[in-house]
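Encoded as structure tokens, the structure appears first; notes follow it.
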Amino acid sequence: MTGGYMVTSAVVQLVTGAGLIWTLTSLDLPVVDAKMWVKLALDALVAVTALAGMRNRRSWAFYAVGTFTATAAVVAVA
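Residues 1431 to 1508 in our numbering are what the sequence shown lists, from first letter to last.
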């Protein structure tokens, strides 16, 4: 049920998250380390789940990726 697009999106999510942290740090702006680590951990979890779903072709991976992505968005905004 999950395809290559989910894996690509997960990698983009990881890269943009790391880029955000790098940008904030290089500009000496305040960074909440715990929040950033949780966000990066969720992004990594999204990538691993998308890979597992692509290999196994299970529907649970689609819903798990969606849930983890929504959680990462809430952490990013809060």
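Yeah, the Cβ is synthetic: ideal placement off N, Cα and C, and Gly gets one too.
As the structure is a prediction and not an experimental result, all values here were calculated from the model.
Residue range of the unbroken alpha helix (DSSP H) whose run includes D1519:
Given a span of 1431 to 1508 for the chain in the structure shown, any question on residue 1519 remains unanswerable.
Option in A1464, V1476 and V1441 with minimal Cα separation from A1491:
Here residue 1491 corresponds to residue number 61 of the sequence shown, with the count starting at 1. Comparing Cα positions, the closest option is V1476.
Between which two residues does the alpha helix (DSSP H) harbouring A1500 extend?
Position 70 of the sequence shown, counting from 1, holds the residue named residue 1500. It spans S1489 to V1507 - the alpha helix (DSSP H) in which A1500 sits, taken as one unbroken run.
Roughly how many angstroms lie between the CA atoms of Y1493 and T1479, to the nearest whole one?
For the purposes of this step, residue 1493 is taken as residue 63 along the sequence shown, with counting starting at 1. For the purposes of this step, residue 1479 is taken as residue 49 along the sequence shown, with counting starting at 1. When rounded, the distance between both Cα atoms is 10 Å.
Answer with buried or exposed for L1457, where buried requires no fewer than 16 other C-beta atoms within 10 angstroms of its C-beta.
Along the sequence shown, read from residue 1 onward, the residue named residue 1457 stands at position 27. So L1457 counts as exposed.
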